[in-house]
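Let me begin by presenting the structure, written as structure tokens, before commenting on it.
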Amino acid sequence: MNESEFLSLSDRVFDQIEQALDADEFDVDLNRNGNVLEIEFDTGSKMVVNRHAANQEIWLAARSGGFHYRLQEGRWQSTRDQGELFSQLAELITQQTGHTPRF
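Numbering (my numbering), first residue to last: 22 to 124.
What follows is the structure, encoded as structure tokens:
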């Protein structure tokens with residue numbers, strides 16, 4: 022995949038996250054600035070999703086640590102284990118809000 026394709030695909034990921042968290046049950050503030058999407062919870066904690074074009078990865082920073090995801094067979098999979106971006110992000114958001122987003 023070339024850089025333009027990666028940027029387009031990662032933009033779609035950001036769009037999906039924003040759309041899922043735009044529902045009323047999620048008391049979060051979203052701030053998207055270029056390559057970075059910040060998710061701030063009413064507790065003051067944050068998660069940061071950003072894209073790393075050089076590695077063609079999406080990175081997620083949360084209280085529990087940092088995660089890197091690469092597109093493999095149509096899914097954004099963790100570079101460390103078999104975890105998938107949207108399922109791991111949903112689990113982390115559920116821990117913060119008590120509600121599970123649907124991506």
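All C-beta atoms, glycine included, are put in the ideal place defined by N, C-alpha and C. Treat the numbers as computed from the prediction; the structure is a model and nothing was measured.
In chain order, what residues of the same chain lie with their CB nearer than 7 Å to the CB of Glu24, ignoring the 5 residues before and after it? Same-chain partners within the cutoff: Ala74.
My output table needs one value for Arg33: the three-state DSSP class, helix, strand or coil. Arg33: helix per DSSP, three-state reduction.
Which residue's Cα is closest to the Cα of Gly119: Asp63, Asn54 and Glu94? That would be Asp63, whose Cα lies nearest to the Cα of Gly119.
When DSSP labels each residue in this structure, what does Gln77 get in the three-state scheme? If DSSP states are grouped into helix, strand and coil, Gln77 belongs with coil.
To the nearest angstrom, how far is the alpha carbon of Leu30 from that of Ile38? Across the structure, Leu30 and Ile38 are spaced so that their CA atoms are roughly 13 Å apart.
Chain-order list of residues whose beta-carbon lies under 6 Å from that of Arg91 (same chain, five-residue window excluded): Excluding positions up to five away in sequence, the list reads Glu78 and Thr100.
On the premise that Asn56 lies in contact with Arg72, defined as a C-beta separation below 8 Å, what is that separation, rounded to the nearest angstrom? Rounded to whole angstroms, the Cβ separation of Arg72 and Asn56 is 5 Å, and the two are in contact under 8 Å.
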